[in-house]
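Colleague: Can you keep this structure in mind? I'll have questions shortly.
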Amino acid sequence: MSAENRKHRRYAVELAAEVEIRGETIVASTQNVSAGGVGLVVDREVKEGSELAVTLFLTQDGIEDPDESPFEAKAIVAWTAVQDAGTWIAGVRFAKVSAAQSAQLERFLGKLDPG
95 MSAENRKHRR YAVELAAEVE IRGETIVAST QNVSAGGVGL VVDREVKEGS ELAVTLFLTQ
155 DGIEDPDESP FEAKAIVAWT AVQDAGTWIA GVRFAKVSAA QSAQLERFLG KLDPG
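Each position in the sequence shown, counted from 1, maps to that position plus 94 in the working numbering.
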């Protein structure tokens, strides 16, 4: 999807993350984050259309804010691609985000782009 067709601006930020799929927790990291979804780097293929739970550890310059809880949301895998041997990128869109979750993520993204 081209940048012109995107609903939400992407922020190139690497965060620690966890993905729970079919009862298994997978350690992941982010390639980019937006208000509508995230690009995840994972060590195994996840199937397009899969439902999963995503936890993002919201840090700035590698420092976790003790007053900020991790962002957690249900998501759906929109696409996957092999990045390197043994590494995949999964584009996921947030499926069920409450107003409080949305506000939390918007606050974090606003800190990345104060302008």
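All C-beta atoms in this analysis are idealised placements derived from N, C-alpha and C, irrespective of residue type, glycine included.
Quick check: V127 and L109, are their CB atoms within less than 8 Å of each other?
Modeller: In the sequence shown, residue 127 corresponds to position 33, counting from 1. In the sequence shown, residue 109 corresponds to position 15, counting from 1. Contact: yes.
Colleague: I'd like the span of the alpha helix (DSSP H) that includes G204, first residue to last.
Modeller: Here residue 204 corresponds to residue number 110 of the sequence shown, with the count starting at 1. First-last of the alpha helix (DSSP H) with G204: A193 to L206.
Colleague: For a test of the three-state rule: what should DSSP assign to A97, helix, strand or coil?
Modeller: Here residue 97 corresponds to residue number 3 of the sequence shown, with the count starting at 1. Low local confidence applies: a pLDDT of 49 at A97 is under 50, so the model's placement there is unreliable, with the coordinate-based value given in what follows. DSSP places A97 in helix when its eight states are reduced to three.
Colleague: Can you tell me whether G130 is helix, strand or coil according to DSSP?
Modeller: Translated into the one-based positions of the sequence shown, residue 130 becomes position 36. Looking at G130 - three-state DSSP - the assignment turns out to be coil, as it is neither helix nor strand.
Colleague: So L203 packs on A129, CB below 8 Å; how close in whole Å?
Modeller: Mapped onto the sequence shown, residue 203 falls at position 109. Mapped onto the sequence shown, residue 129 falls at position 35. Between the beta-carbon of L203 and that of A129 there is about 7 Å, and that keeps the pair under the 8 Å contact cut.
Colleague: Am I right that V148 and V113 are in contact with their C-beta atoms under 8 Å? What's the rounded C-beta distance?
Modeller: Here residue 148 refers to the residue found at position 54 of the sequence shown. Here residue 113 refers to the residue found at position 19 of the sequence shown. Confirmed, Cβ separation roughly 6 Å.
Colleague: Work out the CA separation of G180 and S163 for me, nearest whole Å.
Modeller: Counting from one through the sequence shown, the residue named residue 163 turns up at place 69. Counting from one through the sequence shown, the residue named residue 180 turns up at place 86. Taking the straight line joining both Cα atoms gives about 30 Å.
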